[in-house]
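A quick write-up on the structure given underneath.
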Amino acid sequence: MVLDSMSGSVIDIFVHSRAEGDLSAVEVHVRHLRQVFQVMRENKLYANLKKCIFCAPEIPVLGCYVSKNGVRADPEKISSICSWPTPTSPTVLRHGLGLANYLHKYTKDYAGLIQPLSSLLKKGATWLWRPEHQAAFDSVKTSLASAPILMLTDDSKPFHVVCDASDFAIGCALMQFDDEGRERVVSYQSRQMKPAEHNYPVHDKELLAMR
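The sequence shown begins at 1 in the UniProt record's numbering and counts up by one.
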């Protein structure tokens, strides 16, 4: 059971279950639900039946969809990003990147992809949309359109991290092998380098990505 958010008397409760031994996932889930209901009953907590979803194969959580297969981005958000017209001002670009930034964990080297766009948003920058900006803009949309289903972490298995560095950004991917032996992404993370870090030699940039 995960208590996802709490505000006043409002609590969102997510109950997730996996098969255990000879019990199916549904049987384990029913047991978990009974345990949750018992705790709620003992503490006089009430649920709105109209807002309850039971035995769902996939549920929306904080702007994404979670299932036994992993975590995928909200397709409506992806569709919205992919239908963006070319920005015509810093304000429009900033608004668009705000939504894309929210989905950065699905995109490899996201900070590197948006670097040309970020340069247009710096204080004092002249707004001049060049081919490199259009290429970066299109790359962000293409990357998010093919966003992977992120793996749900399994604490019984080892994690490994893949790091990389470019001329102006560092990034990493948290990885695990699933039950079928496939290497899968848990999350991508990246950031643009600070001005002083741009002067680092290549090996120091690689080490910076590992920090």
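Just so you know, even glycine gets a beta-carbon here, dropped at the ideal spot from N, CA and C.
Note that this is a predicted model, so its numbers are computed, not measured.
Buried versus exposed, by CB contacts within 10 Å (16 or more), residue i
i: histidine 198; result: exposed
i: leucine 150; result: buried
i: phenylalanine 159; result: exposed
i: aspartate 12; result: exposed
i: serine 143; result: buried
i: isoleucine 170; result: buried
i: leucine 49; result: exposed
Any chain B beta carbon closer than 8 Å to residue i
i: asparagine 43; result: The structure shown contains no chain B; it holds only a single protein chain.
CB of residue i within 8 Å of CB of residue j, strictly
i: isoleucine 114; j: leucine 97; result: yes
i: cysteine 82; j: lysine 141; result: yes
i: serine 190; j: tyrosine 110; result: yes
i: tryptophan 127; j: proline 75; result: no
i: valine 61; j: phenylalanine 14; result: yes
i: valine 162; j: alanine 173; result: yes
i: phenylalanine 168; j: glycine 124; result: no
i: lysine 157; j: glutamine 176; result: yes
i: leucine 165; j: alanine 100; result: Just to set this straight, residue 165 is alanine in the shown sequence, not leucine. Against a cut-off of 8 Å, the Cβ pair of alanine 100 and alanine 165 comes out as no contact.
Integer-rounded CB distance, given that residue j should sit under 8 Å from residue i
i: tyrosine 188; j: lysine 105; result: 5 Å
i: glutamine 34; j: alanine 25; result: It should be noted that the sequence gives arginine, not glutamine, for residue 34. Not really, about 15 Å apart at Cβ, beyond 8 Å.
Reduced DSSP secondary structure (H/G/I, E/B, other) of residue i
i: serine 173; result: The identity of residue 173 in the sequence shown is alanine, whereas the question assumes serine. The answer is strand: DSSP assigns alanine 173 an E or B state.
i: glutamate 183; result: strand
i: aspartate 164; result: strand
i: aspartate 178; result: coil
i: glutamate 206; result: helix
Report the start-end ranges of each alpha helix (DSSP H) in the stretch 14 to 81 that is 4 residues or longer and not cut off at the edges. Taken in chain order, the complete alpha helix (DSSP H) segments of 4 residues or longer contained in the stretch 14 to 81 are 25 to 42.
Hey, which unbroken runs of the alpha helix (DSSP H) at 4 residues or more fall wholly within the stretch 131 to 161? For the alpha helix (DSSP H) assignment, the uninterrupted runs of no fewer than 4 residues enclosed by the stretch 131 to 161 are, from N- to C-terminal side, 131 to 145.
Which complete beta strand (DSSP E) runs does the stretch 82 to 123 hold, if anything under 3 residues is left out? Qualifying beta strand (DSSP E) stretches: none in this window.
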